[in-house]
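There are 2 protein chains.
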Amino acid sequence: MSFLLLTAILLLGSEVSAFFPDCVNGPLNNNTVCDTSASPLSRATALISLFTIAEKINNTGSTSPGVPRLGLPPYQWWQEALHGVASSPGVNFSGSGDYSYATSFPQPILMGAAFDDALITDVATIVSTEARAFNNANRTGLDFWTPNINPFKDPRWGRGQETPGEDAFHLSSYVHALIDGLQGGYDPKYKRIVATCKHFAGYDLETWNGNFRYQFDAQMQTQDMVEYYMPPFQSCARDSNVGAFMCSYNAVNGVPTCADPYLLQNILREHWGWTNEQQWVVSDCDAIQNIYLPHEWASSREQAVAAALNAGTDINCGTYYQNHLPAAFDQGLFNESTLDRALIRQYSSLIRLGYFDPPESQPYRQYNFTDVNTPEAQQLAYKAAVEGITLLKNDGLLPLSLSSVSSIALIGDWANATQQMQGNYYGQPPYLHSPLYAAQQLNVTVNYAQGIGGQGDPTTNNWLPVWKAAEASDFIIFAGGIDNSVESEGNDRISIAWTGAQLDMIGQLALYGKPMIVLQMGGGQIDSSPLVNNPNISALLWGGYPGQDGGVALFDIITGKVAPAGRLPITQYPASYIHEVPMTDMALRPGPNNPGRTYKWYNGTAVFEFGSGLHYTNFTAQIKSSIQQSYNISTLLAKCNASNEKYMDRCSFLPSALEVAISNIGSVSSDYVTLLFLTGSFGPAPYPKKSLVAYQRLFSISPQSIGTANLNLTLGSLARVDEQGNKVLYPGDYALMVDIQPMVMVNFTLVGEPAVLDEWPQPPTNRKGSGVEGLEGYFVGGYGSDVAQETMS
Amino acid sequence: MSFLLLTAILLLGSEVSAFFPDCVNGPLNNNTVCDTSASPLSRATALISLFTIAEKINNTGSTSPGVPRLGLPPYQWWQEALHGVASSPGVNFSGSGDYSYATSFPQPILMGAAFDDALITDVATIVSTEARAFNNANRTGLDFWTPNINPFKDPRWGRGQETPGEDAFHLSSYVHALIDGLQGGYDPKYKRIVATCKHFAGYDLETWNGNFRYQFDAQMQTQDMVEYYMPPFQSCARDSNVGAFMCSYNAVNGVPTCADPYLLQNILREHWGWTNEQQWVVSDCDAIQNIYLPHEWASSREQAVAAALNAGTDINCGTYYQNHLPAAFDQGLFNESTLDRALIRQYSSLIRLGYFDPPESQPYRQYNFTDVNTPEAQQLAYKAAVEGITLLKNDGLLPLSLSSVSSIALIGDWANATQQMQGNYYGQPPYLHSPLYAAQQLNVTVNYAQGIGGQGDPTTNNWLPVWKAAEASDFIIFAGGIDNSVESEGNDRISIAWTGAQLDMIGQLALYGKPMIVLQMGGGQIDSSPLVNNPNISALLWGGYPGQDGGVALFDIITGKVAPAGRLPITQYPASYIHEVPMTDMALRPGPNNPGRTYKWYNGTAVFEFGSGLHYTNFTAQIKSSIQQSYNISTLLAKCNASNEKYMDRCSFLPSALEVAISNIGSVSSDYVTLLFLTGSFGPAPYPKKSLVAYQRLFSISPQSIGTANLNLTLGSLARVDEQGNKVLYPGDYALMVDIQPMVMVNFTLVGEPAVLDEWPQPPTNRKGSGVEGLEGYFVGGYGSDVAQETMS
């Protein structure tokens, strides 16, 4: 690559580059890429046939210079939109006025707690709408590196907040709904935007005890991989036709994921049928550089880039491809056709986004700032927060009758939270309604004191205003917990207990004997058992990162304007849990130095288990569908084969959805999240304690009324994964239960021979790297000085 | 305590409060405290005899309100001055003009590398001079919470940079020199300032694998404690008459240090004779709160404050004493005389600082801003950096002949370091001369590129300017390493390797084949073996945190204006070391999961061992003193007994200092640090590989000239510590060696019976806490609501 071109890349890196190619008057106007009647594949192929090899390599990075001589504009691939259009290299908020903000929804961990797939689709549709509006103003690209769909396995993980929770089934369902909204259906003519499922795979550790993400090798059994780490990605690729994947920093079983053909080719593309020409894989940022250092998996920089390209990593976030593919090509480490494959995927994707098509024929190209943060979007951001907020303890104080309250003490480092409410990967919000703001809208005196100077503040120097506020109030709300100062990208948590300072302050506040609520904020859970056990603390709410209207959502729940119905999407472990299992241990089942992970396998007693969440009313449940005592496996399979379903695990178990009637027997109208768990003894021991197999949120069930959940139950959700990773339907005793304290239960058996629903591609026997024997020799050899000159001058 | 008084504390907390009491016209003018002819003890006793119990308790915190009715002004105890007067609650820099800056010396880790005790005294004298000037302008108090003298045991420790290194003997000698300069001698009539030795004891962990400093219990053997963790503190207390100690956040063997009478009374005060009435102990900030939570050592808040006060913690950094001593007093948990003891220590200390004395009789009260950052101080800051910078590799390129260079590429995130050069605990410096600044003073073209966006930046996006700079230059300097983003208070390191991104960039730069130097910056060491092994990297310098003139110091060494003579004050371990030993393991000797710690015990091969440091010339050594083949232990002790030395371990071994002649046999004038090590087989096995027993820096030894080191060798430095902690002189074979690759060696034996030089006070057999059985009950009981009312209303 020439020095001039590299310079071009650099210069473009800092600019927004969402110009569209001119297919009317530009140099490409006679190329097939501009022919809307041609197939995307032939259009992309025609385009890149015009590229020189240097031009091809130049366009393998996240900051693509395009090809000026062809009128192909530069393109920035790196946009973020985790819970709203977010600040990132390709997103450019204006300083004021139009396009100075976008709707900021709650973090996924709180939206996961809503257990409401329709909500997720709605949120994602707003995000993609706003993204298109920004794109039309030349303020963003068309692909977004969201969602983060790694299961939140270890409570320490700093990025767990970015995920919907710990359960693989839940994540699979959530992400299916999300991609629908982001991309605009599962096979639209024009995609709204391209979503990117990340980080494939096994990425859930930032930094722990000398391990860090750029270098970590996640050692996992095939059974755990298929049962836990893969399902959300299978949902993305096989079931939701997502446009892009991101490979991760870590290695899996010895191979950095971006260089692993087993993951990227055998599983992702072949086994999951993710073979459309417009589907591409991008590396996490400079994960390809990491293949060389610090992974030391490749023996040279050229080996690293060639291994990644050959494995199927089509775009390099960073410049490593652009820097080192030339020498790798000279060394014959990859074929030009492999490079072409990567570029065809990229441009096919842009073609599917209408990049080369007349704007007037595309509805999304008509969006503008009037489509951003509409009243509907604002209402949805509020609704998402309300639906997720989870009531963990209530001695009857809540809902709070405002007529009985004249003054509220609002205390803690979340009391006046604004940006804190966004968590990470955020954009510019239209507003941030803090808890303090919300309290001040009520007709009561609010006595506010921050007290705690932040997570890292163990001192008592600012405690005096706390006592003054408490003294002056007839009601106390403590809003604390954790935030991005202790859980974030690059930073895993070192404690899952409340800090001593916060716990001491809460304890002293409780001594006043006044009615008191604690808001436990942040993404990861904190062991709240001291609060549960304190009789002077009346109520405990978990609020996650509730987004732009978070304070209002919290206070509307507190005052009973809305009834809570969120459920914990993760286990709240005792504080000692993190001393019982290394963060590096990828096993789900209990074993030496591992008490088991997630609600399925943890063999201790959770403080609050997955699915916990109280209401302001009471419910009973009844299963309305008839369930046979016994089912024959071969009969089930025969029915499945007779259907049009391509994948047996997606076939329905019952003739129609399982109907569960939920009766509100209390006095408050309320949503209810129907959680259907499966338990029993079937398949390979040990057995999980239970497994979530279906869920549905029911809305506003009035007192003395009934809501009905229609739960689709697939053969796959009855199946177990064997040690080879095959998904198998086993004979045995099964039970279905509604809710975590089962309100109703039904038993049945499967009889007959085990049947494989999905045969897993086995990993290659030798998964070693190309090998670097220590670092001693790595600087010399394998990179001739003439090549260096060619690359660098 | 009344609410009003607490309010007063709060209001004063944000103000500077260094007013002096008015002994001429104020209410105290007839009190003995104003009688300069009375003893400090009687003066302090007279003062506090006027206090009510509430007034006494009010003045137990770091922010003391004084007693307005007595004309006793408020006083802020919390000032910092780690390597210059530093920003802290009691230090108030002005925005511009006078008092807007103070001299900023290198971090102690680099000053430790100078191995020059006289330098340390000089630096400390400047610091105390500037502190007094600021105090006279009412911009700081008179006591400073420095030095941090915990040995830098684990390479991960984020605050290791604040210490002079890993060797207990070195630290003891260094701190003795430091206190001389800070306090103005060891028993002056008026102290310049009060120094505070911290953190007593066993504090060298911030956060590691679920352990954090507020909660960590450092389990250590008595032998390790006495041999390694205690000597610097013994030097402070017994040998240097330091004015103050700080107890630490952690516990030692089950007891939080601030509540431990064994540490604070039996060892510190009784065994070390630290019993002057003006010597006080302050808690680390809210370490007393931590005794309750998160240590859970005390069963109530009142138990926590009473335990600390009774143990001998005289000042509470924070407000916990002020908040909870009233209730503890009502519960009869301490006597008023114990409170008086704490206050007498505080005010005696202020009396010794001339706080109550006429200013005209005190020279330090005459200092003003003309005494701040004088040319001499600037020169000393430069000298301290130059003396510490350590040459680790040199293939002959250095010193760099500027006549052969027309252009230099200066690359890396330290290349334009400014505030980075100060490390932590810094103030406002007069200037910060970066490496880039220094390079630009030379008559060469400087091509600068930052390249790496910081420690957390794994991306290659800014690498292009790096190649351009390298391409355009005939000489390459890479300035990188670590900084406060990865080592700091609260943050231990998770890797002691170079980041993959930096290592890759260095490697690619080396491929140019141009002359290349790497500057390894930061306090903790980084495994530089890949650089050592790369033949294209000509030289490697370690520059620590070099302070306000750090860039100039580095370039003066590079260009040969000054010859390097610094020595590593810590071991540079291989990157794998941190996987071999938990950070929580306090043992020095090798054992299971512990390859041994420090150069004395590490059983692997260091990348660079303690004491490493090259020169631009060559030296030989000769021992001039005559050493007998054999010494009789009883004879040595008899001589010692005949001397006036109170402590046998301080008695000299030889009749006079050991004379070592150092010959410069090369062609460059250079300093030389004489390091005298002891080895042999004597005392309890296992034996350390060697032990530093004396050192002296010699200055500017001309080519073909000889410098002479006069090394005092004490009986204590020949002794070993047994398992009970006794310091014993043992019969056996001894050898003295000069330098780490011994240039000369001499053997001798000790004969006779072992003799105890220092009998260690044994720990109490039961060191359990007052006990909290889990957290369940901690909120209720032990704190009656009437007491709460008294405290809080």
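From first to last, the protein sequence lines stand for chains A and B. Residue numbering for the first sequence follows the UniProt record's numbering, starting at 1 and increasing by one per position. Residue numbering for the second sequence follows the UniProt record's numbering, starting at 1 and increasing by one per position. Quick reminder that beta carbons are idealized off the backbone N, C-alpha and C, glycines included.
For a cutoff of 8 Å on Cβ pairs, would you count residue i as touching chain B?
i, result
"residue 459 (chain A)", "yes"
"residue 289 (chain A)", "yes"
"residue 286 (chain A)", "yes"
"residue 22 (chain A)", "no"
"residue 59 (chain A)", "no"
"residue 596 (chain A)", "no"
Interface residues of chain A around residue i at Cβ under 8 Å?
i, result
"residue 463 (chain B)", "319, 323"
"residue 500 (chain B)", "214, 215, 289, 290, 292, 293, 294, 295"
In chain B, which residues lie with their C-beta within 8 Å of the C-beta of residue i?
i, result
"residue 212 (chain A)", "494, 495"
"residue 209 (chain A)", "208, 209, 494"
Tell me the residue span of the alpha helix (DSSP H) that contains residue i.
i, result
"residue 601 (chain A)", "598-601"
"residue 58 (chain B)", "53-58"
"residue 747 (chain A)", "Careful: residue 747 (chain A) lies outside any alpha helix (DSSP H), inside the beta strand (DSSP E) at 744-751."
"residue 134 (chain A)", "117-136"
"residue 238 (chain B)", "Neither: residue 238 (chain B) is in no alpha helix (DSSP H) and is coded neither H nor E."
Comparing the C-beta of residue i with each C-beta of chain A, is any distance below 8 Å?
i, result
"residue 19 (chain B)", "no"
"residue 772 (chain B)", "Confidence at residue 772 (chain B) is low in this model, with a pLDDT of 38, below 50, so the placement of that residue should be treated as unreliable; the coordinate-derived value is given next. Closer than 8 Å: no."
"residue 736 (chain B)", "no"
Looking at the unbroken beta strand (DSSP E) that takes in residue i, where does it start and where does it end?
i, result
"residue 521 (chain B)", "516-521"
"residue 708 (chain B)", "706-711"
"residue 755 (chain B)", "755-758"
"residue 390 (chain A)", "390-394"
"residue 431 (chain B)", "Element bounds for residue 431 (chain B): n/a, residue is neither H nor E."
"residue 542 (chain B)", "539-544"
"residue 690 (chain A)", "Run containing residue 690 (chain A): none; DSSP gives neither H nor E here."
Whole-angstrom Cβ separation of residue i and residue j, contact assumed at under 8 Å?
i, j, result
"residue 112 (chain B)", "residue 569 (chain B)", "4 Å"
Interfacial residues, the segment 293-321 of chain B to chain A, with Cβ spacing under 8 Å: 293, 294, 295, 301, 317, 318, 319, 320
Contact set between the segment 552-583 of chain A and chain B, restricted to residues whose Cβ is under 7 Å from the partner: 578, 579
Chain B contacts made by the segment 383-406 of chain A, where a contact means CB separation under 8 Å: Those would be none; no residue qualifies.
Residues within the segment 176-202 of chain A neighbouring chain B, beta-carbon criterion of under 8 Å: none
Contacting positions in the segment 502-513 of chain B - beta carbon closer than 8 Å to chain A: So the close ones are 503, 504, 507, 508, 510, 511, 512, 513.
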